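Below is one structure, written out as structure tokens; comments come after it.
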Amino acid sequence: MTNDLLNTRNLYRFFTLVCIGFYTSLSYGNDNPNIDGPTPSGCATHIHYDGEYFDFCDTCGCGSSGGSMGYGTGLNNNFFGLRYIGQEYRSRDGIFADSPWITENFNTIQAWANLPISKRIIANVIVPFQFHNRSLPDNTEQTISGLGDISVLGFYNLIAATPDSIVSIKPEHYLQLGGGIKMPTGKYDKDNNEGSVNPSFQLGNGSWDYVLAMNYGFTYRNWGISTMANYTIKTKNPKDYQFGNQLNLGINAFKTYYISDVALTPIVGVSEEIYASNRELGIEVAHTKGDVFLGKLSIEASYNRYSLGLTGMLPISQNLNDDKVELRNRISVYMNINL
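According to the numbering used here, the sequence shown holds residues -13 to 325 in order.
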């Protein structure tokens, strides 16, 4: 059973990368390079995907400023709105195998936007507000709240979809490459690390982090597949603590249904998040690396310029912090106004 799961995960990683590479080659052979036309108006804008359908999150509160949650919605390339991210974890209250479990809830409300800079360049901005809590074995509760780490990224539309109708009758695909920074605007409190194997009960990393990202999507009529990969390079903060670098991969399949003026898109997908070990004073911190493989169900709707999305994610397999941290569930809700 374990070998079958590992083979499935390896196949998923391979398919994600091959899918991007194959259609990139195909695009250069078939696409018109002057593909900067406008997207269709109204609710149909989201069938020609210029964003991504991903809801990832760091295995930590301080990372919830955007990063692995995805830098777009899939409904429209340009928007502004609000997004809520909720995560429930349990972690050991101590380093020993028999240390008691504690429940940790990470909550984030984000103001986010995709803003057009030019026909091919998009700026993505995410400003998070965090409010986290955890229940301790002595029946007390710890809460922290405040501004999280703000992220600013730029994406270049290397390949853009060229729809021939409201629902395109020919295959369409796009490829976005991007990068940016996550700024240390959220508070990092080293005391929160004491006595817990989960050092991520924080408002922010306290460090300047750098992100490389790639999004690819393929649609035919009202069906589609979207893939993504992003990598976050994390640096040392002023407290000499450095969170481990993070790789996120994901693939989704979806179909859009039109009901009068409303477009509904159910989505099913899988994703993986891989974390390197943290370091303190240049020394690797034990029990801080890991990975989690997740399944996802989502529904997205749009009407005129408005869009609404709801996502639920559950772990299929995980090994976080040497099994001393467990993800229980993850949800996301957003409401946007499309530009």
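Where is the CB? At the ideal position from N, CA and C, for every residue including glycine. In this text the structure is predicted, and so the values were computed from the model without any measurement.
- The Cβ atoms of Pro123 and Ile88 lie closer than 8 Å to each other.
- Taken through DSSP and simplified to helix, strand or coil, Lys282 comes out as strand.
- In the three-state scheme derived from DSSP, where H, G and I count as helix and E and B as strand, Asp177 is classed as helix.
- Listed as beta-bridge partners of Asp195 by DSSP are Lys168, Lys220.
- Cβ-Cβ separation between Lys220 and Asn231: approximately 6 Å, consistent with a contact (criterion under 8 Å).
- DSSP, reduced to helix, strand and coil, places His273 outside both helices and strands of the structure shown, so it counts as coil.
- For Gly268, there is no enclosing beta strand (DSSP E), as DSSP gives it neither H nor E.
- Here Phe187 is near His118, since their CB atoms are less than 8 Å apart.
- Closest in alpha carbon position to Ile155, among Lys173, Ile103, Gly210, Ser131, is Gly210.
- Sixteen is the threshold: since fewer than 16 other Cβ atoms of the shown chains lie within 10 Å of the Cβ of Ile245, the residue is exposed.
- Rounded to whole angstroms, the gap between the alpha carbons of Val271 and Val248 is 50 Å.
- DSSP, read as helix, strand or coil, puts Thr94 in strand.
- With respect to Leu161, Ala199 sits apart: the two C-beta atoms are not nearer than 8 Å.
- In the DSSP assignment, Pro157 falls outside any beta strand (DSSP E) and carries neither an H nor an E.
- The C-beta distance from Ile130 to Leu189 rounds to 6 Å, short enough to fall under 8 Å.
- Look at Gln188 here: in three-state DSSP terms it is coil, with no helix or strand label.
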